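The block underneath contains the structure these notes are about, expressed in C-alpha cells.
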Amino acid sequence: MTQKEFSETISLHAPSLKSHALHFTKDPEDANDLLQETLLKATRFVSKFEDGTNIKGWLFVIMKNTFINNYKRSLKTRDRTVQEDEITSANLHYSASTNSSVGSFILQDINLALAMLPDKYSVPFIRYFEGYKYHEIAEELHLPLGTVKTYIHEARILLKKYLKQYQS
C-alpha cells in the first residue's frame, strides 16, 4: 500500500474515529486533538501496519493507547502541582524566617497598622483578606459594591504607608 493509498484509507475512517475520540474525551476540542494525534501517529508508523489486517481496529488501538498515555501524563502533572500547592503559609513562615522573633515583630507591626486604619477601611479589607469576594462584603456590610472596592483600595494605600519600612 502506497503512502497516498494509506492516507486515503485512514481518512475514510476519520468520522468513526472522531466519534470514538469524543467518547473518550467528552469534549469536542479534545476529541479533535486526539483524532489528529492518532492520524499523525498512524502516518508516522505506517511501516508497522501489516497489509491485509484490520486497519480500522489498528487505528482504534492507536487512539486508545494515545488517550491512556495522555491521561497518565496529565495525572503526573496534576500530582506534582498538588504537592507543590500543599505547602502551607505556616510552613513557609518557619522556612522563610531564621529568627522567629523577627516574624513576631513584623506581625505586631502589621496588626498595629491594621489597628490604625479607620473601621470603614479595616473591616472590608480584613474580610477581603480572609477570602470574601467584593460582592459578599458589600452584602454583609450593606454597602454599594463600588464603595467596598474603594475602601479596600484606600486600606491598601494606608497600609503601604504605615508599613513602608518593609517595602523592598
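Note that full-length UniProt numbering gives residue 100 to position 100 of the sequence shown, counting from 1, and the numbers run on in steps of one. Just so it is clear, CB atoms sit at the ideal spot from N, CA and C, and this is done for glycine as well. If you're wondering where the values come from, they're calculated on a predicted model, not measured in any experiment.
| Query | Result |
| --- | --- |
| Residue of L163, S122, K164, L159 minimising C-alpha distance to V148 | S122 |
| I68 burial status per 10 Å Cβ neighbour count (16 or more: buried) | exposed |
| Every unbroken alpha helix (DSSP H) inside the region 28 to 88 [4 residues or more] | 28 to 44, 55 to 85 |
| Local conformation of G146 per DSSP, three classes | helix |
| Pick from Q167, L107, L159, T9 that is closest to D57, judged by C-alpha positions | Looking at the sequence shown, residue 57 is not Asp but Gly. Selected option, being the one with the closest Cα: T9. |
| CB contact flag (L40, L17, <7 Å) | no |
| Exposure of F105, with buried meaning 16 or more beta-carbon neighbours within 10 Å | exposed |
| Where T2 sits in the DSSP three-state scheme | coil |
| E154 (DSSP reduced to helix, strand or coil) | helix |
| E29 versus A21 - alpha carbon distance | 10 Å |
| Cβ neighbours of R127 in the same chain (closer than 6 Å, five flanking residues each side left out) | I137 |
| Whether A113 touches L159 by CB criterion (7 Å) | yes |
| Cβ-based neighbour list, I152, same chain, cut-off 7 Å, excluding 5 preceding and 5 following | P124, F125, Y128 |
| Beta-carbon proximity check, Y162 vs L145, cutoff 7 Å | no |
| Cβ shell of A42 (< 7 Å), same chain only, five flanking positions each side left out | I10, L59, I62 |
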